[in-house]
Every structure is written in structure tokens, then in C-alpha cells.
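Read the structure below first, then the notes.
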Amino acid sequence: MSSPIERLFTVFDHTALVLQEELKCSYLEAVAETGENLFHGDVLQEEVSELSKKRLKKEYESIQLESFTNEQIRKAFQLAVLKGMKEHTQPHHQMTPDAVALFIGYLVDKFTKTYFTLSILDPAVGTANLLTAVINQLSGKQVKSYGVDVDDLLLQLAYVNANLQKHPIQLFHQDSLRPLFVDPADVIVCDLPVGYYPNDEQASHFRLKAEKGHSYAHYLFIEQSIRYAKEGAYLFFLIPNSLFTTDQSGKLHELIKEETFIQGLLQLPLSLFKNEKAAKSIFILQKKGEHAKAPKKALLAELPRFSNKEAMQAMMHKIDQWFSEER
Ligand code: SAM
1 MSSPIERLFT
11 VFDHTALVLQ
21 EELKCSYLEA
31 VAETGENLFH
41 GDVLQEEVSE
51 LSKKRLKKEY
61 ESIQLESFTN
71 EQIRKAFQLA
81 VLKGMKEHTQ
91 PHHQMTPDAV
101 ALFIGYLVDK
111 FTKTYFTLSI
121 LDPAVGTANL
131 LTAVINQLSG
141 KQVKSYGVDV
151 DDLLLQLAYV
161 NANLQKHPIQ
171 LFHQDSLRPL
181 FVDPADVIVC
191 DLPVGYYPND
201 EQASHFRLKA
211 EKGHSYAHYL
221 FIEQSIRYAK
231 EGAYLFFLIP
241 NSLFTTDQSG
251 KLHELIKEET
261 FIQGLLQLPL
271 SLFKNEKAAK
281 SIFILQKKGE
291 HAKAPKKALL
301 AELPRFSNKE
311 AMQAMMHKID
321 QWFSEER
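Residue numbers (full-length UniProt numbering): 1 to 327.
In C-alpha cells, the structure reads:
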């Protein structure tokens with residue numbers, strides 16, 4: 001017997017392959033189309049032949065979406081997206097890895113224990129894998145969520161992903177380094193796009209703009225996130241480990257010190273990444289404000305391999321202890 005995730009993935013996969021052929025599009029585009037169909041319980045693409053329509057409907061009817069949990073839906077959809085991304089590698093098409101998304105969700109839940117309602121913004125929402133993994137761990141809270149991305153295909157995948165999981169995320173298709181149409185949020189999560197931001201004119205509105213040439217997009221994203229965070233809001237960034245070792249990191253330090261309290265820096269296990277250069281950490285900040293306070297000691301740790309259950313449990317214990325001492 002296959003698992004629910006495998007069964008759902010198989011439906012995504014088989015139907016995406018049919019649609020890819022019929023619509024002459026990429027597998028990733030077909031995943032977005034089939035997710036839309038599954039959500040509406042119908043085949044929405046007029047150009048599909050009658051025969052293929054029948055095949056698709058039969059596949060869709062073989063499962064009942066309501067019988068799957070949100071996490072099962074997210075993971076099955078994630079597998080289909082990963083397959084599509086492998087076929088068509090585009091450097092900016094990168095989804096936040098499952099284990100990292102889950103761990104950030106765990107941290108967000110911990111930091112917002114006392115909140116009944118909260119708003120959460122991901123200014124680089126991509127496929128919404130990270131954002132929905134986080135929201136799925138905040139059950140019991142009323143969550144308003146917002147996602148922004150400049151890539152229309154990824155945003156379409158985010159839309160379908162959110163619909164299938166019944167999360168009413170408000171999505172915006174735009175450059176996140178331009179003014180956003182969202183109110184400041186209680187929580188920001190962001191797997192930072194790393195690289196240069198090509199729009200120098202727009203970059204000139206930021207303190208962290210480069211003196212010469214293009215600015216670092218990841219620096220500007222941190223500044224923009226702080227701007228769209230409420231006073232006392234928590235910010236969770238997935239950062240490259242090299243964030244503080246560039247020629248321009250002085251200004252970044254200054255901004256972070258002036259506007260936020262550093263809550264924690266958790267280095268992810270190297271085994272998650274292709275090489276040391278690609279390795280990342282989770283960086284947690286709190287924006288200053290009336291009720292915000294600096295921790296006596298920031299939460300600093302090197303996370304073990306997520307598959308190492310014992311070491312992971314010891315780490316969770318260490319984190320729990322930090323929370324009981326600091327909050
Ligand atoms: N968390 C996402 C997920 O789970 O799919 C992945 C985020 S990915 C590492 C970074 C995202 O930033 C990409 O989806 C990319 O399109 C987006 N991005 C890069 N520059 C941007 C900009 N200026 N404005 C908005 N989004 C941007």
C-alpha cells in the first residue's frame with residue numbers, strides 16, 4: 001500500500017504529464033494547471049482533447065482531497081514541484097527544503113505562543129512551501145497571511161498550493177523591493193533571494209544600497225522586511241552563512257543593531273547543502289518597540305542533522321530551556 005503522500009503525488013504527476021503533453025508546456029506549468037483542476041474538481045483547459053479530459057477526470061475522482069491533511073497535500077505538491085524544478089533548472093527557482101521549512105515553523109510557533117491572532121508576511125514567497133509549512137504549525141491561531149513574489153509561475157504555484165490547503169493567503173505579484181500593499185506584519189518569514197538586485201534606482205531608497213554598482217538583494221530584503229514588520233514583530237530569515245563577511249556587512253550590522261534585537265542564529269547542518277559555500281542559517285530578529293526586549297543571551301547553535309533523532313531531541317531541549325529562561 002502506498003502512503004497518502006505517494007498516492008496524491010502520483011495523481012499530481014500522472015495528470016501533469018497528460019497536461020504537459022496536451023498544452024505543450026513545461027512540467028512545472030502543468031503542475032500549476034493540474035492543481036487548479038483538482039481544486040475546482042474539473043478540467044479547466046479548453047484545448048484538452050475529450051479523451052485526455054476523461055483520463056484526467058478519472059484520476060481526479062480517484063482521490064478525495066478532503067481526506068488528506070494539509071501537510072500531506074503540501075508534501076505531495078512539493079514533490080511534484082521538485083520534479084518540475086529538476087527538469088527546468090532556473091537559478092531563482094528554489095524551494096525552501098522541507099526540513100528547513102518545518103523547523104522555521106516550529107520556531108515561529110514557539111516565539112508566538114501567546115498570540116491568538118497574527119499576521120505573517122513572506123516577501124519572497126516562491127511556491128509558498130515555506131509559508132504554508134509555517135501556517136500549518138500555527139493551528140489554533142487566527143492567521144492572516146501575505147506572500148509576494150516577482151516570478152509569475154512560482155506565484156501561480158503558490159496560489160494553487162494555498163488553495164489546495166485552504167489557506168486564504170493574499171498573494172501579490174511584484175518586486176518586493178518596491179512599496180508593498182500590505183500592512184506591517186507580526187511575523188516575517190523569508191528564505192532570502194541571494195544575489196545582486198539589478199535596479200539601482202530602486203536600491204537608492206535603501207540604507208543598505210551599495211556605494212558603487214549593484215546592491216545585494218538579500219541585504220535590501222532584510223531592510224524591507226524590517227520596514228514591513230510591526231513594532232515587536234519577529235523576523236525569521238534563511239540567510240547565507242556569508243551574510244556578515246562581505247565588504248558591505250558593516251552597514252548591515254548597524255541597521256540590525258539600531259532597529260532590532262538579535263534573538264538567535266541557528267546554523268543548519270552542512271549535509272543539507274551542496275557545499276559549504278551554499279550553507280545557510282536561520283537568523284531570528286525582533287523589531288524594537290515598546291514591548292520588545294533584548295534577550296540576556298541570544299539563541300546560538302549549530303543544528304545537528306535532522307535525521308539524527310537523539311541529537312535533534314537534545315537540541316529541542318536546549319531551545320526549550322532557552323525559552324524558559326528568556327521568556
Ligand atoms: N520560500 C520559497 C518557497 O518555499 O518556495 C522560496 C524562496 S526562493 C529561495 C527566493 C524567492 O525570491 C524566489 O521565488 C524569487 O522569485 C523571489 N525573488 C527574488 N527577487 C525578488 C524580488 N525583487 N521581489 C520579489 N521576489 C523576488
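The C-beta atom is built at its ideal place from N, Cα and C for all residues, glycine as well.
None of these values were measured; they are calculated from a predicted model.
Judged by DSSP in its simplified three-state form, Asp183 adopts coil rather than helix or strand. Excluding five sequence positions before and after Glu87, the CB atoms of its chain that fall closer than 6 Å to its own CB belong to Tyr27, given in chain order. With respect to Val189, His218 sits apart: the two C-beta atoms are not nearer than 8 Å. Cβ contact annotation for Gln165 (same chain, cutoff 7 Å, sequence separation greater than five): Asn70, Ile73, Arg74 and Thr132, in chain order. Judged by DSSP secondary structure, Leu285 falls within the beta strand (DSSP E) whose first and last residues are Lys280 to Lys287. Exposure of Asn275 is indicated by the presence of fewer than 16 other C-beta atoms within 10 angstroms of its C-beta. Take the alpha-carbon of Ala158 and the one of Thr96: they are about 13 Å apart.
Rounded to whole angstroms, the separation of the alpha carbons of Lys251 and Asn199 is 20 Å. The three-state secondary structure of Asp149, taken from DSSP, is strand.
Per the DSSP secondary-structure output, Ala301 pairs in a beta bridge with Leu266.
Not one heavy atom of ligand 1 is found less than 7 Å from the C-beta of Met85. Judged by DSSP secondary structure, Thr117 falls within the beta strand (DSSP E) whose first and last residues are Thr117 to Asp122. Met85 is classed as buried because its beta carbon has at least 16 other beta carbons within 10 Å across all chains shown. Here Leu107 is near Ile282, since their CB atoms are less than 8 Å apart.
Using a C-beta cut-off of 8 Å, the stretch 112-127 makes no contact with the stretch 47-55, since fewer than three inter-stretch Cβ pairs fall below that distance.
Taking 8 Å as the upper bound for CB-CB distance, Ala32 and Leu153 are in contact here, some 7 Å apart.
Rounded to whole angstroms, Tyr115 and Arg327 show a C-alpha spacing of 14 Å. Secondary structure note for Leu235: its beta strand (DSSP E) is the uninterrupted segment Ala229 to Pro240.
Restricting attention to beta strand (DSSP E) runs no shorter than 3 residues, the UniProt domain "YtxK-like N-terminal helical" (6-85) encloses none. According to DSSP, residue pairing for Ile188 in a beta bridge involves Leu121 and Leu235. In this chain, the alpha helix (DSSP H) harbouring Leu130 covers Asn129 to Asn136.
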